[in-house]
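Encoded as structure tokens, the structure appears first; notes follow it.
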Amino acid sequence: MRAFILGLLLAVGATATATAAGETNSMQNKTESVVIGGGCFWCMEAVFDHVPGVKSAVCGYAGGRTKNPTYEEVCTDATGHAEVVRIEFDPMATSYEKLLAVFFNAHDPTTMNRQGGDEGTQYRSIILYANEAQKEAVEKARAAAQARYSGPIVTEIVPLAVFYAAEEHHQHYFAKNPTAGYCRVVIKPKVVKLQQEGVISN
């Protein structure tokens, strides 16, 4: 009888240990996402590729009406979509709020439908939230960022309906084409500046 009870206790203990380990692994493997747009998605992807805790950054389209849009369609200004990046991150290594702070530092959120030489509604500043908690965090981040700008922040804050991944040749464009003109003149200086300011890592 004693042997039976001891065996039962050991089995229960092993199960509890396995369950705890499983929960820990589940927490470690959990990721969250944020969908943002601040001008050319090549730029935003390159910036967030240098943020610790970010697992992936995918260029795409969101915020519009057209289903399964192509890059050419988005560029016509007729789809309503913006160029965006879906960022998957590890909440144990970084936070939604930290990523929002990077976002507001990585572009000028006070220019309507334009970033530098890129003009059109597809280049608008936009954050697409997944739930009310994210919406509240976005509004707080916008209010905090406003103190750094003389003009009003025009970032669009809307619920995320659907995200469409962009064509493959747009993914990791900066990493794959570092000597291309746009990468040398626009993307690299932006990344270097944010690195020097300590906003992103090297």
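For what it's worth, this note's numbering labels the leading residue of the sequence shown as 1220, then goes sequentially.
Built from N, CA and C at the ideal position, the CB exists for glycine as well.
For the 9 Å CB-CB criterion, ARG1361 and PHE1308 do not form a contact. Straight-line measurement puts the Cα of VAL1270 at about 13 Å from the Cα of GLN1415.
Listed in chain order, the non-local C-beta contacts of ILE1376 below 6 Å within the same chain comprise ILE1346, VAL1357, local neighbours out to five positions each way being set aside.
Just measuring C-alpha positions, the residue of ALA1394, ALA1352, ILE1255, ALA1325 sitting nearest VAL1418 is ALA1325. One Cα belongs to VAL1266, the other to ASP1337, and the distance between them is close to 17 Å. Secondary structure at ILE1306: strand, using DSSP grouped into helix, strand and coil. Straight across, the Cα-Cα distance linking TYR1342 with ILE1306 is about 18 Å. Straight-line spacing of the CA atoms in ALA1366 and TYR1315 works out to 20 Å.
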